[in-house]
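J.: Take a look at this one; I'll ask things after.
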Amino acid sequence: MLSVRSLLLCSLILSALLAGTAFADEAAINAADNAWVLISAALVLIMIPGVGLFYGGMVRKKNAISTIIFSFAVMGVISLQWILYGYTLAFGHDVSGLIGGLDFLGLAGVGMGVREGLTIPSLTFMIFQAMFAIITVSLITGSYVERIKFSSFLVFSLAWATLVYDPVAHWVWGGGWLQQMGALDFAGGIVVHITAGVSALAVAMVIGARKGFGTDPMEPHNIPTTVMGAALLWFGWFGFNAGSALAADGIAANAFVTTNTSAAAAATTWMFLSWRQRAPSALGIVTGAVAGLAAITPAAGFVTPLAAIPIGIVAAIAGYYAIIIIRGSGMVDDSLDVLACHGIGSTWGVLATGIFATIGATGLLSGNAHQVLVQLMAIAVTWGYSFAVTYGLAKVIDAVMGLRVRDEEESVGLDLSQHGEGAYM
Amino acid sequence: MLSVRSLLLCSLILSALLAGTAFADEAAINAADNAWVLISAALVLIMIPGVGLFYGGMVRKKNAISTIIFSFAVMGVISLQWILYGYTLAFGHDVSGLIGGLDFLGLAGVGMGVREGLTIPSLTFMIFQAMFAIITVSLITGSYVERIKFSSFLVFSLAWATLVYDPVAHWVWGGGWLQQMGALDFAGGIVVHITAGVSALAVAMVIGARKGFGTDPMEPHNIPTTVMGAALLWFGWFGFNAGSALAADGIAANAFVTTNTSAAAAATTWMFLSWRQRAPSALGIVTGAVAGLAAITPAAGFVTPLAAIPIGIVAAIAGYYAIIIIRGSGMVDDSLDVLACHGIGSTWGVLATGIFATIGATGLLSGNAHQVLVQLMAIAVTWGYSFAVTYGLAKVIDAVMGLRVRDEEESVGLDLSQHGEGAYM
Amino acid sequence: MLSVRSLLLCSLILSALLAGTAFADEAAINAADNAWVLISAALVLIMIPGVGLFYGGMVRKKNAISTIIFSFAVMGVISLQWILYGYTLAFGHDVSGLIGGLDFLGLAGVGMGVREGLTIPSLTFMIFQAMFAIITVSLITGSYVERIKFSSFLVFSLAWATLVYDPVAHWVWGGGWLQQMGALDFAGGIVVHITAGVSALAVAMVIGARKGFGTDPMEPHNIPTTVMGAALLWFGWFGFNAGSALAADGIAANAFVTTNTSAAAAATTWMFLSWRQRAPSALGIVTGAVAGLAAITPAAGFVTPLAAIPIGIVAAIAGYYAIIIIRGSGMVDDSLDVLACHGIGSTWGVLATGIFATIGATGLLSGNAHQVLVQLMAIAVTWGYSFAVTYGLAKVIDAVMGLRVRDEEESVGLDLSQHGEGAYM
Amino acid sequence: MKKIEAIIRPEKLYILRDKLDLKGYSGMTVTEVKGRGRQKGISLQWRAGGYRVEFLPKIKLEMVIDDKDVEPIIDIICEYGQTGEAGDGKIFIYPVEDVIRVRTKERGGGAV
Amino acid sequence: MKKIEAIIRPEKLYILRDKLDLKGYSGMTVTEVKGRGRQKGISLQWRAGGYRVEFLPKIKLEMVIDDKDVEPIIDIICEYGQTGEAGDGKIFIYPVEDVIRVRTKERGGGAV
Amino acid sequence: MKKIEAIIRPEKLYILRDKLDLKGYSGMTVTEVKGRGRQKGISLQWRAGGYRVEFLPKIKLEMVIDDKDVEPIIDIICEYGQTGEAGDGKIFIYPVEDVIRVRTKERGGGAV
Ligand SMILES: Nc1ncnc2c1ncn2[C@@H]1O[C@H](COP(=O)(O)OP(=O)(O)O)[C@@H](O)[C@H]1O
Ligand SMILES: Nc1ncnc2c1ncn2[C@@H]1O[C@H](COP(=O)(O)OP(=O)(O)O)[C@@H](O)[C@H]1O
Ligand SMILES: Nc1ncnc2c1ncn2[C@@H]1O[C@H](COP(=O)(O)OP(=O)(O)O)[C@@H](O)[C@H]1O
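Residue numbers (my numbering), protein chains in the order written: chain A, 14 to 438; chain B, 14 to 438; chain C, 14 to 438; chain D, 4 to 115; chain E, 4 to 115; chain F, 4 to 115.
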C-alpha cells in the first residue's frame, strides 16, 4: 500500500539521483582522446575477470568457482563504492595532501563536460579510474583463496578499497603529498601493484596457511584457464598503461610499446629460469609476463622501449626468486604469489622509473639522482602504510566475524561450502 | 566446361558485386567517431560467442558444443542476411512507418561516405547495426537448447530475423512509427532484449520442455565457462551501449558509466538475493550482471549514473523472482531463462527510461509523464508482436519440418546426434 | 662485488638504451588514427593466444599446454626479435628491393613522432607491425604440434622470423620488389598467411607424422576451447584487417565489413559442406570462419562487401577439399591443417584481390588483367621462397639438435615431457 | 552378497535409477568409463572428414546387494537399459566377501 | 589375497593416504566416482532457486592386499574416513585370485 | 569366467588394444584412474620450483573372459605394457560368477 507520503519521499530521492550529471560545456572534448580512454577503460575491465581466470586455474578444482567469482563480485561491489564515495576520496579536492574532499560524493559535479586539465569528459576519467580501483582489490584475492569466508572477503574488500586504495590513489594521482613530492607512477606501480602485493602478504599472514600447505599437493587444476586469464591481462594491460596517457598521443604509443616489451622480456626470462631448473614451465611463462607487466606499469610512459627490456628481465628474476624464497621459508602462504609477482615486480618498476625515466621526466641515468630518492620514499611509505593498515584490518575482521571458513568447509572446498555450486559436472 | 555464355553471365553477376560501394565524399567523416563505432562493433561481435559460452556452461555436458555453436552459426547466417536484405528492411527509406524500403538491398548505396545525419561512414553504421541483429538472434537460443533440430534452428533464426527483428528495428530506430511516436530506446531494450526475451518464451512454449525437465538434474556443466561468457558480455556491452551514442562524445561516456553501474548494482543485488535464500551463488552474480546490463540498455544514454543504481537493483529483483515464478509454474521450459533475464529485465529498463530520462530527453521525474505512456505503448506492442509472430513461426516450422530432435537423439545429446562431435575427450 | 669499471660499463649500455626514442614533432599526428591503430594492435595481440586456444582444443589432452603455450612463448621471443632487429629488416631503408637496412636497429629513430607518409607515430606503426610478425610465427605451430622439441621450436621460430617473415614483409610492405611491382596485399595474405601455410607444410614434411597418425584417434580434446579461440580470432581480425588501413577512415570501415562478411560466408559454406557429408560440424564452422578470414585478408580494403561473399565461399570450398586431399594422401601430417586453412585460403584471397579489386586499385573485373599476373607472380615467389627456406631451415635444425622429442616423450605427451606440467587435474 | 557391475549406455542412467529406486534399490556407485565390444566404435567429425573413436562413453553402475536381489536387478537393467542395438552393455556378477559401513563399522548385509 | 574397495568422501583421501602410508600400505588405485545411498543427495544452486543432485562425488579407493592386512586397513579407513554423517561410505571386500606385476611378471603376494 | 583388471600406463593403451585385438580379445572397459605404488610420484612444476604429485594417471583396463584366456592376455599385457621402470602396473585376476548381455539377456560365456 503506497501512501502519498512515501511516493513523495521516493520522488525526492529520485530527483536527487537525477541531479548527478552536470551538463557542462563539451566544446573542449577531444573525441579521439575520449574514444581512446573509454576503450582503455573497457580493456581494463576485461582484465578483472582475467585475474579471476588467471587465479582460478591455479587453485584446486574444488575452489575454482570461488576463486573466479571473487573478481566478478569485486566488479559489482567496488564499482558502486567508487561512484558513491571512492572517487571523491581519491580525486576530490585535496585535503592536506592526505585525502580527497567530498566534492564528488555520489558523482556530484562529475559530468559529460571536460575534466579540468584534460581533453576528456570527467565521466570518462572517473570510469577509467574506477577500473583501477576494482582490479587492485581483485589482485589481492590471490593470497587468501581456498580458505576465506565469502562474507569476510566482501567486508575486507570494501574496507580495503576505502582505507588503503583511495588514500594512496589520492597521494600519488589525486594531488596528494607523494605527487607534490614528485613521485612518478605512470599507471599504478605504487597505487595498484605495491598496495595489492604488500596487502596480500599482510592478509595471508593473518588468515594463515591453507590446510595441508606444504604437505598435500596444491595443484593448479586447469592451466589452459590460467593461460586464458594471462592473455586477457596482457591484452587489457594496453588499456591500463597506454590508456594512462589519458590521450591518444605519442606517449600512449610509447607506453603501449614499453608494456609489450617488458612483458615479452619477462616472459622469456622466466621461461629460461624455470628451464635452468628443469623445463620451460607454461605457468612460469605466463607468470613472467604478468610480473613484467606489473614492473613496467609505473614506468610505461616515462621510459624508452629499450629500457623496458632490463625492466622486464629484472622483474622476472626478482619475482622468480621471491617465490622460491617466500615459499621456501614456509612462513606464509601467499597462495598465488601476489607479493612476489605484483609487490616485488612493481617495487622494482617504481625504482626503475627513477632510474630510467627520460620522457617527460628525468631519472638517475639522465642525471637526476634525486628521483631515485623520491621513488624510494614512495615505495617505503606505501609498503608501510599498506602493510600496517591491511594487517590491522584483517585482524579486526578476523576478530569480529572470522576470516576463515570452518575446517570441514575448507576440506570440502569453497565452491560447495560457500556457494552451493560445483565448477564442472 | 565453361562456355563463353556462362563466363559472360559470371562477369555480369560479378560486376553487380563490384557496384556495391559508392565512393561518396569522405569530407564529413569524423575519424574519432568512426574509430569509436568500429571498435564498438567489434566489442558487440565478441559478445556473440560470449552468449554462446555463457549459455554453453549452463547446459549439460552432452549439449555443450551444440549450445555454443548456435551463436557462432548465427554470426555466419545473420551477417549475410543483414547485408543482403536485413539492413534495408530495418534502415531503408521508411514505408508507412512499418518497414524499410529496398533502397539498400545488397548494400546498394551503402558506402564509405558519411551516413546522413551522422559523422561516420554508412558502412560503419551498417556493420554496427549488424552486430545487434546477430546477437538478438543468438540470445533467443537459450530458451530451446538441448532439444532443437539444428536445421530447424537455422530456418527459425533466419525467418525470425526477417519477420521480427528487422521490422521492430525499423519501428524504433529506422524512422518507423514507434520512433515517430517518440519511444526511447537508446541501445536496444525494445529492439533487442524485449523481442528476444518474449520470443524465447513463445518458442519454448511451442517446442516443449526438455525430457526429464523437473525430474532429472539439468546441471550447469561448466560454470567457469559461463563466467567467461558473462565477462565477455560485460566487456562487449560497453560497445553495445556507449557505441550507440554513434560518436565518441559525452553521451558515450555517460552511457559507458551507466552501463557499468547498472551491471554492478544488479550483480550485487542478485548476490544478496541468492544469499538470503542460501548462499551467494556465482551463477546468480553473473546472471544479475546480465540482467542489469539488459535493463540499462534502453536507458544508457538518457539517464544519469546514479539513476542506473535503482535500474540495476530492480532488474535483479525482477529477474530473480521471474525465474522463481516461471520455473515454479512448471508450465514452460525457457531453459536458460531468456524471458526472465532479458525480457523482464529490459521491460523494466524501457519503463525506467520513461521515468528517469534527463539527458537529451525527459521522463516522468523531470515532469514528462507522457513519456511513460509512450514507453508502455512500445512495450505492449513489442511484446504482442514478438510473441504472436514467433509463436506462429515456431508452429509453422514445427508442422513443416519438426522443431525437436527425436527422443533418442535428445537422450544421447545434441553434440553427438546433431554434430557428430563430443565436447571434451 | 661491483667494480667501478663495471658500473661505468653498465651506465654506458644504459644510456644507449635511453637513446631509443627520438622526440620528434608530434604536430602531424592524428589522434583518432593513432587510437585506431593502437587498439587494432591490441586486437591483433589477443589473436595470438587465440591461435593457441584454437589449436590447443584440437590436440590430445596430453599436449594441451604444449600447444597453447607455443603462441605465448612466441609473444615473448618475437616481440624482442622485432624491436631489436626484425623491424629494421622489414621496414628499414630498402636495400636493392630485398631487405630493409639497419637504420632502425634497436628501434633507433623510431619514436613518438609521426611516421613519414602516415598520421600516426612511428612507434604505433612499429608495434602494429610487430603483432603481425608474432602471429605469423604462431600460426605455423599448428603443423608440428604434439611432437616438436621445445628448444627446437624456439630456435626454429626465431630463425624463421628472421629468414622468411622479415624479408617477405619487406618485399610486400617495406618498399621491396614485390611492392614496387605493384603486388596488392592489404593486410597480410602474402606476408602472413601464405608464408605461414607453406612453411607449415615444409616443416611438417621434415619433422614427420605423429606416432599413430592414421591409426590412433587424434581427437580434439576440448572443442569449446577451440571455439573460444576462433572467437578471439574473428574479434581480433577486425584490428588485423581494418587496422591495416592505418587510419580510422572509410577504407577501415570497408575492410571491417568485408572481413566480417567473408568470415560469415565461409563459416556458413563450410557448415553446409560438412553437413552434406554428414552433419553440420562445429569444428567445421569455426574452421570455415578462419579460412574466410585468411582469404579476405589481402583483399579487405580493396574489394566491396559483396565481393567478400564469393571470396569467403570459395575459401571454404578450397580449404575443405584441401584438408580432405592432404589428409587423404597420408603423405604429410600437417596436424592442424595450416596449409589448407591459411595457405590455400589466402592464396585464393591474393588471387581474388587481383580479380575483384575496385577500391584504391583495380583488378581483372575492372579491366586490369595485369593485376592478376602480378598477384600470381607474388604467390609463386612467396610459395617457392617460403617452402625452400623453411625446408632447409628445418633440415638444419633437425641435423644439429633434432626436431622431435623422443618416442616415449611423445607417447607420454609434451605437457609432461617438455614442461613438467599437466593441463587438467 | 554379490556385486552387480553393469556397463550401460550413459543416457539410460536416470531411467534405471528411477526404476531401481522404485523397487527399493537405491545404493549404488557410478563411474564414467569407456568401452568397446561388438559395437564397433563410432566415427566423429574432424573439420572435414572424420576420425574413428573405438572407445565409447559408457557408465559403470555398481551395486553390492544381497544374493536374493541379483535376479530382480538384472531384470530391471535388462528391461530398461536396452535399445536392441549393439552397445547396450553387459552385467557382471561378482562374489563379495564382506561389506563394512565406514560410519558405523557395521558389517555384512546390514551395512549395504 | 583380497581386494578392498572403499567408497569414501573425497576430502578424506589425503588423510587416509597418510595414515595408510604410515602403516606401510602404499599401493593403491583411486577413481573419481559418484554415489548415492542413505545420504539423499544435495541441492545445488541455480541462478535463482536450486536443483537436486542425487549422485554425489565420491572417491573409490582400491587396494589389493594380503588377507592378514584386511582388518588393519578397515580399521584405519573407518577411523579416519568417518565424519559420523550419512555419506561416509562403504568398504567392500572381494576375493582376488592372482596378482601379476607387469614389469617383472612376478605373481602372487610378492607382486603387490 | 574371470575378470582381468590391469592397471597400465596411459600411453600403452593403444598398443595393448591393437595387440589384444589381433588375438581376438576386443571386449573391454577402460577407466581413467590414479595410482601410487613403488613409483614414488612425480614432481610437477609450479611457477618457480615444483610440487609433488603422488597419485599418477593410470588406465584401468577391465576384461571379463573365459578362464582359458587368462594366461594369453596376461602375456600380451606384460609383453607390450612394460617399460621396465617402476610404475608399469599390475594385473589383478578376480572370479566372475555370471555375465549377462543387456541387449539379449544371454548369460554366461556366450554373453561376453
Ligand atoms: N569382455 C568384456 N569385458 C569387459 N567389458 C566388456 C566386455 N565386452 C563388452 N564390454 C563392455 O560392454 C560394452 C558394450 O558391449 P558391446 O559388445 O558393444 O555391446 P553388446 O553387449 O550390446 O553386444 C562395451 O562398450 C564395454 O564397455
Ligand atoms: N549398495 C551399494 N552398492 C554400491 N555402492 C554403494 C551402495 N550403497 C552405498 N554405496 C556407495 O557408498 C556411498 C555412501 O553411502 P551412503 O549410504 O550415502 O552413506 P553411509 O554408508 O554413511 O550410510 C554412496 O554414495 C555410494 O557411492
Ligand atoms: N596394492 C595395490 N592395490 C591396488 N593398486 C595398486 C597396488 N599397488 C599398485 N597399484 C597400482 O599399480 C600402479 C603401478 O604400481 P607401482 O608399484 O608404481 O609399479 P610397479 O608395479 O611397476 O612396481 C599404481 O600406480 C597403482 O595404480
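A virtual CB, placed ideally from N, CA and C, is assigned to each residue, including glycine.
Classify H355/A as buried or exposed, calling it buried when 16 or more other Cβ atoms lie within 10 Å of its own Cβ.
T.: In the first sequence, residue 355/A corresponds to position 342, counting from 1. Buried is the call here.
J.: From A277/C to L93/B, what distance separates their C-alpha atoms?
T.: Working through the third sequence from its first residue, we reach residue 277/C at position 264. Working through the second sequence from its first residue, we reach residue 93/B at position 80. Taking the straight line from one Cα to the other gives about 7 Å.
J.: Considering only DSSP beta bridges, list what G38/D is partnered with.
T.: Numbered from 1 along the fourth sequence, position 35 holds the residue referred to as residue 38/D. The bridge partners DSSP lists for G38/D are L59/D, T32/F.
J.: Just how far apart, CA to CA, sit S359/A and P311/A?
T.: Along the first sequence, read from residue 1 onward, the residue named residue 359/A stands at position 346. Along the first sequence, read from residue 1 onward, the residue named residue 311/A stands at position 298. Near 7 Å, if we compare the C-alpha coordinates of P311/A and S359/A.
J.: Determine, using beta carbons only, whether S212/C and W173/C come nearer to each other than 8 Å.
T.: Translated into positions along the third sequence, residue 212/C becomes position 199. Translated into positions along the third sequence, residue 173/C becomes position 160. Yes, the Cβ-Cβ distance between S212/C and W173/C is below 8 Å.
J.: Answer yes if the stretch 296-309 of chain A comes into contact with the stretch 167-182 of chain A, meaning at least three C-beta pairs across the two stretches below 8 Å, and no otherwise.
T.: no
J.: Taking the C-alpha atoms as reference points, what is the distance between Q118/F and G433/C?
T.: Chain F is shown from 4 up to 115; residue 118/F falls before or after that span and cannot be answered.
J.: Which residue wins for smallest C-alpha separation from V363/C, given the options L349/C, S342/C, G380/C, M390/C?
T.: Taking the first residue of the third sequence as position 1, residue 363/C is located at position 350. The option with the nearest alpha carbon to V363/C is M390/C.
J.: DSSP on I148/A, reduced to helix/strand/coil?
T.: In the first sequence, the residue the question calls residue 148/A occupies position 135. Here DSSP, grouped into helix, strand and coil, assigns I148/A to helix.
J.: Determine whether the Cβ of M66/E lies closer than 8 Å to any Cβ atom of chain F.
T.: Looking up residue 66/E in the fifth sequence gives position 63. So no, M66/E is outside the interface.
J.: Answer yes or no: does any C-beta atom of chain A fall closer than 8 Å to that of Q42/F?
T.: The residue labelled residue 42/F in the question sits at position 39 within the sixth sequence. Not one chain A Cβ lies under 8 Å of Q42/F.
J.: Please classify V327/B as buried or exposed, where buried requires at least 16 other C-beta atoms within 10 Å of its C-beta.
T.: Sequence index remark: in the second sequence, residue 327/B carries index 314 (1-based). Label assigned to V327/B: buried.
J.: According to a CB-to-CB cut-off of less than 8 Å, which residues of the stretch 48-59 of chain B neighbour chain C?
T.: A48, L51, I52, A54, A55, L58, I59
J.: For R12/D, tell me which candidate among D70/D, P98/D, K63/D, L47/D has the shortest Cα-Cα distance.
T.: On the fourth sequence, residue 12/D is found 9 positions in, with the first residue counted as 1. With distances taken between Cα atoms, R12/D lies closest to K63/D.
J.: So is D91/D buried or exposed if we call it buried at 16+ other beta carbons inside 10 Å?
T.: Numbered from 1 along the fourth sequence, position 88 holds the residue referred to as residue 91/D. Per the 10 Å Cβ criterion, buried.
J.: May I ask you to check if the CB of E8/F is nearer than 7 Å to at least one heavy atom of ligand 1?
T.: The residue you call residue 8/F lines up with position 5 of the sixth sequence. Not so, every heavy atom of ligand 1 lies at least 7 Å from the Cβ.
J.: If you draw a straight line from the C-alpha of I81/A to the C-alpha of V240/B, how long is it?
T.: Here the question's residue 81/A lines up with position 68 in the first sequence. Here the question's residue 240/B lines up with position 227 in the second sequence. Distance from the CA atom of I81/A to the CA atom of V240/B, rounded to whole angstroms, is 8 Å.
J.: Enumerate, from N- to C-terminal direction, the unbroken alpha helix (DSSP H) stretches of 4 or more residues contained entirely within the stretch 97-147 of chain B.
T.: 100-104
J.: Grouping DSSP H, G and I as helix and E and B as strand, with all else coil, what is A9/F?
T.: Start at 1 with the first residue of the sixth sequence, and residue 9/F comes out as number 6. Reduced to three states, the DSSP call for A9/F is strand.
J.: Let me confirm a value: I338/B is counted as buried when at least 16 other C-beta atoms fall within 10 Å, else exposed. Which label applies?
T.: Residue mapping note: residue 338/B aligns to position 325 of the second sequence, counting from 1. Burial call: exposed.
J.: Looking at the C-beta of R39/F, does it have a partner C-beta in chain A at a distance below 8 Å?
T.: The residue you call residue 39/F lines up with position 36 of the sixth sequence. So no, R39/F is outside the interface.
J.: Please state whether DSSP places I326/C in a helix, a strand or coil.
T.: For the purposes of this step, residue 326/C is identified with residue 313 of the third sequence, where counting begins at 1. It is helical.
J.: Hey, is the stretch 277-291 of chain B in contact with the stretch 42-56 of chain E, meaning 3+ C-beta pairs nearer than 8 Å?
T.: yes
J.: Starting from F85/B and walking both ways along the beta strand (DSSP E), at which residues does that stretch end?
T.: Position 72 of the second sequence, counted from the start, is the residue given in the question as residue 85/B. Not the beta strand (DSSP E): F85/B falls in the alpha helix (DSSP H), residues 77-94.
J.: What first and last residue would you give for the beta strand (DSSP E) that runs through I26/F?
T.: Along the sixth sequence, one-based indexing puts residue 26/F at 23. Sequence inspection shows Lys at residue 26/F; the Ile mentioned does not correspond to that position. That residue, K26/F, is in no beta strand (DSSP E); it is neither H nor E in DSSP.
J.: What separation, rounded to the nearest whole angstrom, lies between the Cα atoms of R417/A and T34/F?
T.: As a first step, residue 417/A is located in the first sequence; it is residue number 404 there, counting from the start. As a first step, residue 34/F is located in the sixth sequence; it is residue number 31 there, counting from the start. Going by the C-alpha atoms only, they are around 37 Å apart.
J.: Could you please give me the residues that DSSP links to K43/E through a beta bridge?
T.: For the purposes of this step, residue 43/E is identified with residue 40 of the fifth sequence, where counting begins at 1. The partner list for K43/E (beta bridge, DSSP) is empty, contrary to what the question assumes.
J.: By Cβ distance, which residues of its chain are closer than 6 Å to G33/A, with the 5 residues on each side in sequence left out?
T.: Taking the first residue of the first sequence as 1, we reach residue 33/A at position 20. Model confidence at G33/A stands at a pLDDT of 42, short of 50, so the residue's coordinates are unreliable and nothing is read from them.
J.: So the alpha helix (DSSP H) Y398/C belongs to, where does it begin and stop?
T.: Here residue 398/C is taken as the residue at index 385 of the third sequence, counted from 1. It spans 382-414 - the alpha helix (DSSP H) in which Y398/C sits, taken as one unbroken run.
J.: Please confirm whether L23/F has its beta-carbon closer than 8 Å to some beta-carbon of chain C.
T.: Numbered from 1 along the sixth sequence, position 20 holds the residue referred to as residue 23/F. Closer than 8 Å: no.
J.: Report the option in I207/B, V50/B, V158/B whose CA atom is closest to the CA atom of T132/B.
T.: The count along the second sequence starts at 1 and reaches residue 132/B at position 119. For T132/B, the closest C-alpha among the options I207/B, V50/B, V158/B is that of V50/B.
J.: My parser needs the alpha helix (DSSP H) runs of 4 or more residues fully inside the stretch 269-328 of chain A; what are they?
T.: The qualifying runs are 295-309.
J.: Where K26/D and P230/B are concerned, what is the direct C-alpha to C-alpha distance, given to the nearest angstrom?
T.: Here residue 26/D refers to the residue found at position 23 of the fourth sequence. Here residue 230/B refers to the residue found at position 217 of the second sequence. The alpha-carbon atoms of K26/D and P230/B are separated by roughly 21 Å.
J.: Given 7 Å as the limit, tell me if Q388/A has its C-beta closer than that to any heavy atom belonging to ligand 2.
T.: Counting from one through the first sequence, the residue named residue 388/A turns up at place 375. Not so, every heavy atom of ligand 2 lies at least 7 Å from the Cβ.
J.: Mapping the DSSP letters down to three states, classify G111/E as helix, strand or coil.
T.: Translated into positions along the fifth sequence, residue 111/E becomes position 108. Reduced to three states, the DSSP call for G111/E is helix.
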